[in-house]
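J.: In terms of my numbering, the sequence shown is residues 53 to 551. Quick reminder that beta carbons are idealized off the backbone N, C-alpha and C, glycines included.
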Amino acid sequence: MTVKTIPHFLDGEESNGVGERTQPVFNPATGEQTGELRLADAADLETAVAAARKAAESWNDISLAKRTGVLFRFRELVASHIDELAELVTAEHGKVISDAKGEIGRGLEVVEFACGIPQLLKGAYSDQASTGIDVFSYRQPVGVVAGITPFNFPVMVPLWMAPVAIATGNAFILKPSERDPSASMLLARLWAEAGLPAGVFQVLHGGKETVDGLLTHPDVDAVSFVGSTPIARYVQETATAHGKRVQALGGAKNHAIILPDADLDNAADHLAAAAFGSAGERCMAISVAVAVGDAADALVGKVAERAEAVKVAEGTDPGAEMGPVITAASRDRMKGIVTDAAAAGARLVVDGREFTVAGKEGGNWFGPTVIDNVGTDMGAYTEEIFGPVLSVVRVETVEEAIELINSNPYGNGTAIFTSSGSNARKFHRGVHVGMIGVNVPIPVPVAYHSFGGWKNSLFGDKHIYGEEGVAFYTRAKVVTQRWPEPTHASGASYNFPSN
Ligand code: NAD
């Protein structure tokens, strides 16, 4: 297998930079190294930030008509390269091709939203606010935005950020996950082909050092981060201490509650898809099923049947429904959590710990796993497993289920399965969670509503994309203006101006 070098994309072109360090990239389905990623050093970071600063100044002066022209072309290019993008995602992330195409589709929604940016930047005008005085407000870009993204959505998450940041007139530096960086390189080439000027979208690879450099650089104005909770908290604290605006989306432990009046076959289908799709490596995956009252026994049986039937294979296999997990270390961590839960008295209904794919034993395999009677003190409940493991917790009432969700430190997503409108209403009004599904297991908001969790799932006050995204990447200006008649002289007044 040939190992390709993965360069940065700096100031309009691919570049190996001057940093000498590199890091291997693997195919999780085989364990083989497929790439060698160039890592930025301090000089590469300076190059990227300087190019971004320069590009931001002129890009903001380009007309809205020309800017949206670039976005429309980019939309077409991403759509016409969906196969190539999906193959890159599957080769480095491991998810199945159809799922990779799904994430690209959700990313495209945000590009389409950004194509309508003139409507959102119209501002507001108050004629004759005081005699002879008009007041108007409009928004301007913050300048240079850094986007730091996780491994689990190598196309969608960068597209949650960049289209909105760029449409609003900023320059954007993407620091993608080191585990699956190739898709972001294709995105950079497509932006350039769409006519985006050099320096407006750049890709800078690296780990902690590069992130720290971006969080503290005086010429970076805003940081959008998506990743795990400890790093999200650190990013928010560090970057705000350096005067930047920050939105940092963190981890999750998403509960779905299933009431006895739900259609249990439908709920089991959705639960299995939300727990095992993308090998559970979604921040909106359902990792806890809260079975209420009589729902539990039947539900566990139905979910177990589905878990056993999931076709786990390399993501390029046309029949595959679930691929490997990202690293061997992550697989081993999951094994430990499941083993500990069983030792603490939980019931392993479906056990994926020893699963492997014949002929691909070097891959990071972990089969769908269902654990019943999970206690809230067990690691299977308290930790974000980020793998294909569904923990079932049993409670007696809907109120108890809501209380359980609210005592969890995360608040990203949650769902209820029921046929009762009043219980659904009690649930969505009562839970301290940002994104809620009613008979919808993975309620990722469409692009014109913003995405964001509560509590330890979001640090900062603005959600990502949608109108909150536009607000995050821009600053408001209010102009109060008077155009006196040439002959009019009112004389100086030393009082505070009032109406
Ligand atoms: P991660 O936190 O390990 O990495 C995210 C980014 O931070 C990467 O670009 C990485 O290079 C960088 N990073 C890692 N360690 C760092 C450090 N010590 N200092 C500075 N930067 C560092 O997350 P991951 O494993 O790539 O992604 C999975 C996590 O992301 C899960 O917790 C998942 O829930 C979360 N996630 C959240 C959302 C959301 O919208 N809330 C969406 C997707 C993923």
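Work out the CA separation of E98 and V390 for me, nearest whole Å.
T.: Taking the straight line from one Cα to the other gives about 45 angstroms.
J.: Is G371 helix, strand or coil when you go by DSSP?
T.: Reduced to three states, the DSSP call for G371 is coil.
J.: Please work out which residues of its chain come closer than 6 angstroms, Cβ to Cβ, to G505, disregarding the five sequence neighbours upstream and downstream, and give them in chain order.
T.: Cβ neighbours of G505 beyond the five flanking positions: G463, N464, G486.
J.: Would you kindly report the start and end of the unbroken beta strand (DSSP E) that includes E451?
T.: Looking at the DSSP string, E451 is not in any beta strand (DSSP E); the run it does join, the alpha helix (DSSP H), is 450-458.
J.: Residue range of the alpha helix (DSSP H) that E333 falls in?
T.: Note, E333: premise wrong, no alpha helix (DSSP H); not H, not E.
J.: Determine, using beta carbons only, whether P202 comes closer than 8 angstroms to chain C.
T.: Looking for chain C here will not work: only one protein chain is present.
J.: Suppose you measure from the CA of V194 to the CA of A274; what does that come to, to the nearest Å?
T.: Near 7 angstroms, if we compare the C-alpha coordinates of A274 and V194.
J.: Spatial neighbours of A95 within its chain, please: C-beta separation below 6 angstroms, excluding the five flanking residues on both sides.
T.: Cβ within range, chain order: V70.
J.: A467 lies in the beta strand (DSSP E); which residues open and close that run?
T.: Looking at the DSSP string, the run of the beta strand (DSSP E) that includes A467 is 465-469.
J.: Cα-Cα, which of R334, K354, V445, A394 is closest to G560?
T.: As shown, the chain starts at 53 and ends at 551. That puts residue 560 outside it, with no answer to give.
J.: Between H322 and the rest of its own chain, which residues show a CB-CB distance below 6 angstroms, the 5 nearest in sequence each way excluded?
T.: Excluding residues within five positions, the ones whose Cβ falls inside 6 angstroms are P493.
J.: Does ligand 1 have a heavy atom nearer than 7 angstroms to the CB of I58?
T.: No, Cβ of I58 sits at least 7 angstroms from all heavy atoms of ligand 1.
J.: What residues are listed by DSSP as bridge partners for V196?
T.: DSSP output for V196 lists A223 as bridge partner(s).
J.: Roughly how many whole angstroms lie between the Cα atoms of G473 and V490?
T.: The straight-line gap from Cα to Cα measures roughly 9 angstroms.
J.: Just to confirm the assignment, what range does the beta strand (DSSP E) spanning S276 have?
T.: Taken as a continuous stretch (DSSP letters only), the beta strand (DSSP E) holding S276 covers 274-278.
J.: Between the beta-carbon of E435 and the beta-carbon of V402, is there less than 8 angstroms?
T.: No. Outside cutoff.
J.: Going straight from the alpha carbon of V122 to that of D271, what length do you get?
T.: So the alpha carbons of these two residues sit roughly 25 angstroms apart.
J.: Restricting to Cα atoms, I'd like to know which of E245, P170, P370 is closest to Q192.
T.: If we check each option's Cα against that of Q192, P170 comes out closest.
J.: How far does the alpha helix (DSSP H) with H145 in it extend, from its first residue to its last?
T.: Per DSSP, H145 belongs to the alpha helix (DSSP H) from 134-145.
J.: Compute the minimum distance between the beta carbon of S339 and the heavy atoms of ligand 1, and state whether it is under 7 angstroms.
T.: Checking every heavy atom of ligand 1 against the Cβ of S339, none is found closer than 7 angstroms.
J.: For T539, does the three-state DSSP call read helix, strand or coil?
T.: T539: coil per DSSP, three-state reduction.
J.: Alpha carbon to alpha carbon, how far is Y525 from A181?
T.: Approximately 28 angstroms between the Cα atoms of the pair.
J.: Does the separation of the CB atoms of Y433 and V287 fall below 8 angstroms?
T.: No.
J.: Which residue comes first and which comes last in the beta strand (DSSP E) that contains V530?
T.: Note, V530: beta strand (DSSP E), 526-534.
J.: Going by the C-beta, is G505 closer than 7 angstroms to any heavy atom of ligand 1?
T.: For ligand 1, at least one heavy atom lies less than 7 angstroms from the Cβ of G505.
J.: For T220, I'd like the list of residues in its chain whose CB is within less than 8 angstroms of its CB, leaving aside the five on either flank, ordered along the chain.
T.: Correct list, in chain order: I169, L173, R191, P193, V522, Y525, T526.
J.: When you measure from the CB of G279 to every non-hydrogen atom of ligand 1, does any distance come out below 7 angstroms?
T.: Yes, the Cβ of G279 comes within 7 angstroms of a heavy atom of ligand 1.
J.: Report yes if the C-beta of F10 is less than 7 angstroms from at least one heavy atom of ligand 1; otherwise report no.
T.: Residue 10 lies beyond the range of the chain shown here (53 to 551); nothing can be said about it.
J.: According to DSSP, what are the bridge partners of N306?
T.: According to DSSP, N306 bridges with I338.
J.: Whole angstroms is fine: what's the gap from E455's alpha carbon to P461's?
T.: If you take the alpha carbons of E455 and P461, they lie about 12 angstroms apart.
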